[in-house]
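Q: First to last, the protein sequences are chains A and B. Those letters in the first sequence? Residues 1 to 431, by my numbering. Those letters in the second sequence? Residues 1 to 431, by my numbering. Even for Gly, the Cβ is constructed at its ideal location relative to N, Cα and C.
Protein chains: 2
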Amino acid sequence: MVKHTLAKNIDKHLNETVTLKGWVYNIRKSGKIWFLIFRDGTEFIQCVILKDEVSSEVFDLKNTLTQESSLAIEGVVQKAPRQKFGYEILVKNIKVMQIAEEYPISLKEHGIEFLLDNRHLWLRSKKQNAILRIRHEIIKASRNFFDDRDFTLIDSPMFTPNASEGTTTLFKTKYFDQDAYLTQSGQLYSEAGIMGFNKTYCFGPIFRAEKSKTRRHLTEFWMIEPEMAFYDINDNMDLAEEFVRYIVEQVLKNRKKELEILERDTSKLEKITLPFPRITYDEAVKILQDNGRDFKWGDDFGAPDETLITKKFDTPIMIHHWPAETKAFYMKRDENDDKFVLGVDMIAPEGYGEIIGGSQREEDIDLLLSRIKKENLSEEMYNWYIDLRRYGSVPHSGFGLGLERTVSWICGNQHIREAIPWPRTITRLKP
Amino acid sequence: MVKHTLAKNIDKHLNETVTLKGWVYNIRKSGKIWFLIFRDGTEFIQCVILKDEVSSEVFDLKNTLTQESSLAIEGVVQKAPRQKFGYEILVKNIKVMQIAEEYPISLKEHGIEFLLDNRHLWLRSKKQNAILRIRHEIIKASRNFFDDRDFTLIDSPMFTPNASEGTTTLFKTKYFDQDAYLTQSGQLYSEAGIMGFNKTYCFGPIFRAEKSKTRRHLTEFWMIEPEMAFYDINDNMDLAEEFVRYIVEQVLKNRKKELEILERDTSKLEKITLPFPRITYDEAVKILQDNGRDFKWGDDFGAPDETLITKKFDTPIMIHHWPAETKAFYMKRDENDDKFVLGVDMIAPEGYGEIIGGSQREEDIDLLLSRIKKENLSEEMYNWYIDLRRYGSVPHSGFGLGLERTVSWICGNQHIREAIPWPRTITRLKP
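Written out as C-alpha cells, the structure reads:
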C-alpha cells in the first residue's frame, strides 16, 4: 500500500492514490455501490466502493464490516462538492485490521450514565470529539496569551500542607508519615512566584471534594491562574476581560468546524467584545431586588441569581467590591470602606455562571495577620506566605479561570462532565 | 511618576524617562555616587544615583535600603556597554514601598535544606530564576511540537481506580466512600484517546510514592505522554528523538542568557543531533560486561550502568527490545522472539539517566488477557482498557518524557529538586 495519510490532509492529494488508516463509522449499501463513512480521528470521509473497481473480496466486506472495525483503505482522492469535507475516496483496496465486536454505542441516543460508563468509547463520537478539540484550543490560546505578555509559567504543587479555600472540600491523602492535602488553588504559591518573576501563571488540575451534584461541579478540574506584581484590582479586571475575549476570538477563528458540529449559536460568541460591564456587589444586589428576588445583602449569589443578573448583558460581566465576610482572608480591603474587599467574579452569559474569581491581594502584613487570626487559621502554617509581606511587599493581584466552565460556555454544553476527557464527580471515579 | 516599564523592555526607551518597579538586589556605595542593582523579575539592571541628580532624601536611601526592599525608580535609560544587559538607569527619584526585614538568603552560600525551607524566597535568586525560565521554555516547546504535528491534547485523570505501573508506589486517597489512587501515568487513558483522535498527548502531574532519596526522584513531577495510532516501535523512536532534539534546539535558541547564568557547557547541547544511537538491551548488557561490570541478564539498569553505557555517546541513546519480564504487561511482544517486548528507554548523556520510557502496545486481545492473568491483575478493573482491543484494535505506540529530569539535564543541574518550582520528596511537603 502507498504511504499513510491523515484524513484531514487528503485535500493536498487530489487525484492521487493514498492510504488511510482508521475505523468504520457507518455503512450505506445500494446494489453495485456501497459507501463507507470512515473516520481516523482527524476527519470523517466518505469512501465509495464500486463493484467494478475492487476485488469481489473487498466488495463483499459490506456484509462483514461492523461499526468501529479497524482498517486500511487504499484509494484515489476525488472532489465531492456535496460532502461536508469536499473530498471523498474512490476505493481501490481495503485491508481489514480487526472486525469489531458489536459496538455498544450505536449512532442513536443513549442515557448519560451509560455514556459516561463508556467514556473510553464515547470519546470517539463526533460531538465529544468536537468539544475536546475546542478544549485543546482554549488551553493553547490561554498559554499563548500569557506567554506573549511576559508571564512565566510557575506551576504550583499538587500536594500541600495547607488549604487556601477553606477546609470542608479538601481531599486528604496519606503522605508517608504525614497528612497532605490536594491543592484547591495555586494562588498562594503564585504570590511567591511573582516576587521572583514579576508575572506568572500556573495551569494544572485542582481538587475539590464537592458534595454537590450540580451540572457545574467536578471534583477534579483544571484552572489557569495568572498573578501579577504591581497590578491593582482595575489592572486585574482589564487583563481578565482581555483574556476571555482572546479565548473566544481564537475559538471562533480556529474551530469553526467544531462549533458547527455542536450547533453552537456563534452569533452569541461574536458579541463578546470589550469592555465587559463592571458592577459592584451592591449594584448586583439591587438588580436582584428590583426584579423581585428576596436576596439578603452579604450572601453569595446562587446560580439563579447569577443568571438573572447577567440576563440583560451580551458579554460576561464583572462583579467587584464584595462584602469582606463572604470572601477569603487574603483579599485586600477597600481603603475607603473596609466593609468591602477588592475581589472580582466574572460571570459568563447564557446562564453559565462564574468562570473567573480574582482579587487584589492584601499586601499589608498587619492587616493580613489580623485576618488570619480572626479566621482561626494557623499562623505557623502560613508563615512562609506571610514572609512575602516581610521582604519587599508590593501591591499585586491575580485571578483564576475555571477551564471546564469556560469550555462548557463556549461550546454551549449542557453539562460540565463533557468538558473534560475523564470527568470525576462525587459518584464517578471510572473509567 | 511616568508609566511603569518592565526592566527587560528598557532597551526600547533609550534616553527616555521610565519608571521601574521591583526590588533591591544589591547596593554598592562610593562617596558621591552609589549603585543599586535592581531586579523586577524580568531583568537585573544597574541604577546609578548621583548626589547632584537627586534630592538628599533619595541620596540618603543608600543607608536605609535593605536587600529585597520594594521600590519604584524613576530615571533615564542610558547605554552602559560594560553592563551585562547593556543599559543602566540614571536615577531621578525613588519611592520606597517597603523596607524589607533582614533577608534570610544573603548573596553568599547556604545549605540546600535551608534553601528548600525558604523556597518561596529562593525563587528570587538568579540561578533558580534561570532554571525555571528554561523549564517554561521546555514546556512551551513540548506543547508546540505536538500541536504542530496534529496531536490533540487529551489530559488524563488524576484520580484513578487502578494503577498502571504497579502498586507499591501509589498514593491512596479517600474519595468520598471509595478509595482512589493518584495517577502514575496517563498512558492507559491515552490509548483510549487515540482511537478517537488518532494522535494525542497528555501533560500533567504524576505521583509516585518513591521512598528513594536519590537526586533523581520526586514524589510529584510532570510528564508529557504522546500516544499514536498506527505507529510501530520504530515510528515511536523516530518521534522520540525528533522531539528531544527539538526541545534542546529551542532552549539553545531562546534561552541563551539563562544557560549563561547557569554556566552550562552549551557545546555539549549543540552536539545533540539526529539520529540518536539505537541499541538493543542485549547490546547494552554486552557493553557493561565488556567493561568488566558484573551484570545479570534480565535485570534493569541502575544509574551507574546507565552512565557507563552512555559514556561513549554525545547524544541520548535509545535502548530497545527489553526482556519481557522486566517490563509492564501492556508492552507488545516481539513477534520474532517473545522473550522480548518492544519497549524503549531513552537515556540522557552526562549521567542524567532515563528521560523517556515508551513502547509499542499489545493490540492482540488474547495476548493482553494472558499477560493480565499472569500478573494477577484484576481483569474487571481493566475491562474498559481491554475494550480498546475489542472494538477496532490497531497497532499503536507511545512514550512518556519526565519533565524534571529533562530540565535537569539541559540546565546541567546537580539535583532534580531545583527543576520544579515546589519540590516534593519523601521528606519534603513544605512550603
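Should residue 243 of chain B be flagged as near chain A, meaning a C-beta pair shorter than 9 angstroms?
A: Against the second sequence, residue 243 of chain B aligns to sequence position 243. Output row for residue 243 of chain B: interface = no.
Q: Please state the DSSP three-state secondary structure of residue 227 of chain B.
A: Within the second sequence, the letter at position 227 stands for residue 227 of chain B. Three-state DSSP puts residue 227 of chain B in a strand.
Q: Entirely within the region 304-363 of chain B and at least 3 residues each: give me those beta strand (DSSP E) ranges in chain order.
A: Taking only runs of at least 3 residues, the beta strand (DSSP E) segments lying wholly in the region 304-363 of chain B are 317-323, 340-348, 353-360.
Q: Please confirm whether residue 426 of chain A has its beta-carbon closer than 9 angstroms to some beta-carbon of chain B.
A: Here residue 426 of chain A corresponds to residue number 426 of the first sequence, with the count starting at 1. Taking Cβ atoms only, chain B reaches closer than 9 angstroms to residue 426 of chain A, which makes this a yes.
Q: At a cut of 8 angstroms, does the region 6-21 of chain B reach the region 399-407 of chain A through at least three beta carbon pairs?
A: With a cut-off of 8 angstroms, the region 399-407 of chain A and the region 6-21 of chain B do not count as touching, because too few Cβ pairs lie within range.
Q: Beta-carbon of residue 193 of chain B versus every beta-carbon of chain A: anything under 9 angstroms?
A: The residue you call residue 193 of chain B lines up with position 193 of the second sequence. Yes, because at least one Cβ of chain A sits closer than 9 angstroms to the Cβ of residue 193 of chain B.
Q: Express the C-alpha separation of residue 65 of chain B and residue 300 of chain B in angstroms, rounding to a whole number.
A: Here residue 300 of chain B is taken as the residue at index 300 of the second sequence, counted from 1. Here residue 65 of chain B is taken as the residue at index 65 of the second sequence, counted from 1. Approximately 56 angstroms, taken between the alpha carbons.
Q: Listing by chain order, which chain A residues have their CB less than 7 angstroms from the CB of residue 392 of chain B?
A: Residue mapping note: residue 392 of chain B aligns to position 392 of the second sequence, counting from 1. Simply 23, 68, 69, 70, 98, 100.
Q: Can a CB atom of chain A be found closer than 9 angstroms to the CB of residue 232 of chain B?
A: Along the second sequence, read from residue 1 onward, the residue named residue 232 of chain B stands at position 232. For residue 232 of chain B, the answer is no, since every Cβ of chain A falls outside 9 angstroms of its Cβ.
Q: Below 8 angstroms, how does it come out for the region 131-151 of chain A and the region 20-29 of chain B: are there three or more Cβ pairs, yes or no?
A: Contact between the region 131-151 of chain A and the region 20-29 of chain B is absent, because fewer than three Cβ pairs lie under 8 angstroms.
Q: Check each candidate in B:175, B:145, B:153, B:307 and name the one with the smallest Cα separation from residue 159 of chain B.
A: Here residue 159 of chain B refers to the residue found at position 159 when the second sequence is read from its first residue. With distances taken between Cα atoms, residue 159 of chain B lies closest to B:175.
Q: Check whether the region 51-70 of chain B touches the region 410-427 of chain A, taking contact to mean three or more Cβ pairs, one atom from each stretch, closer than 8 angstroms.
A: With the cut-off at 8 angstroms, the region 51-70 of chain B and the region 410-427 of chain A do not touch.
Q: Run through the region 208-294 of chain A for me and flag every whole beta strand (DSSP E) of 3 or more residues, listed as ranges in chain order.
A: Counting only runs of 3 or more, we get 220-229, 278-280.
Q: Out of B:259, B:356, B:192, point me to the one whose CA is closest to residue 393 of chain B's CA.
A: In the second sequence, residue 393 of chain B corresponds to position 393, counting from 1. It is B:192.
Q: By Cβ distance, which residues of its chain are closer than 8 angstroms to residue 365 of chain A, with the 5 residues on each side in sequence left out?
A: On the first sequence, residue 365 of chain A is found 365 positions in, with the first residue counted as 1. Hits under 8 angstroms: 386, 389, 390, 393.
Q: Terminal residues of the continuous beta strand (DSSP E) containing residue 145 of chain B?
A: The residue labelled residue 145 of chain B in the question sits at position 145 within the second sequence. Unbroken run through residue 145 of chain B is the alpha helix (DSSP H), 126-147; no beta strand (DSSP E).
Q: Note down, in chain order, every chain B residue with its Cβ under 9 angstroms from the Cβ of residue 156 of chain A.
A: Along the first sequence, one-based indexing puts residue 156 of chain A at 156. Correct list: 421, 422.
Q: Is the beta carbon of residue 83 of chain B sitting closer than 9 angstroms to the one on residue 26 of chain B?
A: Residue mapping note: residue 83 of chain B aligns to position 83 of the second sequence, counting from 1. Residue mapping note: residue 26 of chain B aligns to position 26 of the second sequence, counting from 1. No. Outside cutoff.
Q: On the DSSP bridge list, what partners appear for residue 70 of chain A?
A: Within the first sequence, numbered from 1, the residue matching residue 70 of chain A stands at position 70. Answer is A:23, A:98.
Q: Could you please give me the residues that DSSP links to residue 179 of chain A through a beta bridge?
A: Locating residue 179 of chain A in the first sequence gives position 179, where the first residue counts as 1. The partner list for residue 179 of chain A (beta bridge, DSSP) reads A:174.
Q: I believe residue 351 of chain A touches residue 240 of chain A by the beta-carbon criterion, under 8 angstroms. Please report the beta-carbon distance rounded to the nearest angstrom.
A: Taking the first residue of the first sequence as position 1, residue 351 of chain A is located at position 351. Taking the first residue of the first sequence as position 1, residue 240 of chain A is located at position 240. Contact doesn't hold; Cβ gap of about 20 angstroms is too wide.
Q: Could you round the C-beta distance between residue 17 of chain A and residue 74 of chain A to whole angstroms and report it? I think they count as a contact, below 8 angstroms.
A: Taking the first residue of the first sequence as 1, we reach residue 17 of chain A at position 17. Taking the first residue of the first sequence as 1, we reach residue 74 of chain A at position 74. Going by Cβ atoms, the distance from residue 17 of chain A to residue 74 of chain A rounds to 6 angstroms, so yes, they are a contact pair.
Q: Where does residue 133 of chain B land, buried or exposed, given buried means 16+ other C-beta within 10 angstroms?
A: Position 133 of the second sequence, counted from the first residue, corresponds to residue 133 of chain B. With 16 or more other Cβ atoms within 10 Å, it is buried.
Q: May I ask you to list, following chain order, the residues of the region 201-232 of chain A that have a beta carbon less than 9 angstroms from some beta carbon of chain B?
A: Cβ contacts with chain B: 202, 204, 205, 207, 209, 211, 219, 220, 222, 229, 230.
Q: Quick check on the burial criterion: 16 or more other C-beta atoms within 10 angstroms. Buried or exposed for residue 91 of chain B?
A: For the purposes of this step, residue 91 of chain B is identified with residue 91 of the second sequence, where counting begins at 1. Buried, because 16 or more other Cβ atoms sit within 10 Å of the Cβ of residue 91 of chain B.
Q: With three or more C-beta pairs closer than 8 angstroms as the rule, is the region 27-46 of chain B touching the region 191-209 of chain B?
A: Not touching, per the Cβ criterion.
Q: Just the Cα atoms here: how many angstroms apart are residue 210 of chain A and residue 169 of chain A?
A: Walking along the first sequence from the start, residue 210 of chain A turns up at place 210. Walking along the first sequence from the start, residue 169 of chain A turns up at place 169. Near 6 angstroms, if we compare the C-alpha coordinates of residue 169 of chain A and residue 210 of chain A.
Q: Quick one: Cα of residue 141 of chain B to Cα of residue 246 of chain B, how far?
A: Sequence index remark: in the second sequence, residue 141 of chain B carries index 141 (1-based). Sequence index remark: in the second sequence, residue 246 of chain B carries index 246 (1-based). Near 8 angstroms, if we compare the C-alpha coordinates of residue 246 of chain B and residue 141 of chain B.
Q: Measuring straight from C-alpha to C-alpha, what distance separates residue 216 of chain B and residue 288 of chain B?
A: For the purposes of this step, residue 216 of chain B is taken as the residue at position 216 of the second sequence. For the purposes of this step, residue 288 of chain B is taken as the residue at position 288 of the second sequence. About 22 angstroms.
Q: Please classify residue 332 of chain B: is it buried, with 16 or more other beta-carbons within 10 angstroms of its beta-carbon, or exposed?
A: Along the second sequence, read from residue 1 onward, the residue named residue 332 of chain B stands at position 332. Flag for residue 332 of chain B reads buried.
Q: Just the Cα atoms here: how many angstroms apart are residue 316 of chain B and residue 270 of chain B?
A: Position 316 of the second sequence, counted from the start, is the residue given in the question as residue 316 of chain B. Position 270 of the second sequence, counted from the start, is the residue given in the question as residue 270 of chain B. Each residue's alpha carbon lies about 12 angstroms from the other.
Q: If we define contact as Cβ-Cβ less than 9 angstroms, is residue 80 of chain A a contact residue for chain B?
A: Position 80 of the first sequence holds residue 80 of chain A. Not an interface residue.
Q: Evaluate the contact criterion for the region 333-352 of chain A versus the region 376-384 of chain A: three or more CB pairs, one atom per stretch, below 8 angstroms.
A: Output reads no: the region 376-384 of chain A does not touch the region 333-352 of chain A.
Q: Look at the alpha carbon of residue 181 of chain B and the alpha carbon of residue 190 of chain B, and state the distance between them as a whole number of angstroms.
A: Here residue 181 of chain B corresponds to residue number 181 of the second sequence, with the count starting at 1. Here residue 190 of chain B corresponds to residue number 190 of the second sequence, with the count starting at 1. Spanning the two alpha carbons is a distance of roughly 18 angstroms.
Q: Which of the residues in the region 25-55 of chain A, read from start to end, lie with their CB under 7 angstroms from any CB of chain B?
A: From the region 25-55 of chain A, only 40, 41, 42 have a Cβ closer than 7 angstroms to chain B.
Q: Cβ of residue 228 of chain A within 9 angstroms of Cβ of residue 206 of chain A?
A: What you label residue 228 of chain A is simply residue 228 of the first sequence in a count that begins at 1. What you label residue 206 of chain A is simply residue 206 of the first sequence in a count that begins at 1. Result no, Cβ atoms of residue 228 of chain A and residue 206 of chain A do not sit closer than 9 angstroms.
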